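In the working numbering, the protein residues as written are 88 to 252.
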């Protein structure tokens, strides 16, 4: 049974990486008169008009993040994109680069949240107290529901991954 499970997980990972690779290789950034358009295979196009740009930030590893009206759907520009210097010059004309903000809250509490979820799952599986099981199960459901909503609202995730979540 375990070898079948390992094979299935390896197959799913292989297909996911292959799909993400084709999406990454098909990345197109178009700068038009009044908007930025990011297009990728199997991911809906993301359009940010210039007047909706709230900030343009450059991360520690050089990745450029353009935040529009919707904070959940920024345009991310990798350092591997062609003509990066020209794109930076264009973006500087559109909106000045902002200082890099501190890490988002979810990034700072990632490991404590994982530990909390594992503890809650252990409480559900091992506890015989109905109150502990009920509260732990409710908290797990709330966290998973929040995660599902964030995945569905994010425009940087492909349709197939959203369907599977």
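Just so you know, even glycine gets a beta-carbon here, dropped at the ideal spot from N, CA and C.
Every value quoted in this text rests on a predicted model; they were computed, and no experiment measured them.
State the start and end residues of the unbroken beta strand (DSSP E) segment that holds residue i.
i: residue 142; result: 142 to 145
i: residue 131; result: 130 to 136
i: residue 246; result: That residue, residue 246, is in no beta strand (DSSP E); its alpha helix (DSSP H) goes 246 to 251.
i: residue 39; result: A query on residue 39 cannot be resolved here, the shown segment of the chain reaching from 88 to 252 and no further.
So residue i and residue j are in contact, right, with Cβ under 8 Å, and what is the actual spacing, rounded?
i: residue 153; j: residue 161; result: 6 Å
i: residue 184; j: residue 140; result: Contact flag wrong, Cβ pair sits at about 11 Å.
Out of curiosity, what's the CA-to-CA distance linking residue i and residue j?
i: residue 253; j: residue 107; result: This structure gives no information on residue 253, because the portion of the chain shown stretches from 88 to 252.
i: residue 170; j: residue 164; result: 11 Å
i: residue 96; j: residue 213; result: 26 Å
i: residue 206; j: residue 192; result: 21 Å
i: residue 248; j: residue 98; result: 15 Å
Nearest to residue i by alpha carbon, out of the options?
i: residue 166; options: 195, 215, 249 and 111; result: 111
i: residue 180; options: 138, 214 and 169; result: 138
i: residue 173; options: 159, 117, 202 and 200; result: 117
i: residue 178; options: 135, 158, 205 and 198; result: 135
i: residue 115; options: 131, 218, 155 and 105; result: 131
What are the boundary residues of the alpha helix (DSSP H) that includes residue i?
i: residue 166; result: Careful: residue 166 lies outside any alpha helix (DSSP H) and carries neither H nor E.
i: residue 112; result: 89 to 112
i: residue 236; result: 217 to 240
i: residue 211; result: 197 to 213
Return yes when the Cβ of residue j is within less than 8 Å of the Cβ of residue i, no when it is not.
i: residue 230; j: residue 238; result: no
i: residue 159; j: residue 240; result: yes
i: residue 113; j: residue 122; result: no
i: residue 125; j: residue 133; result: yes
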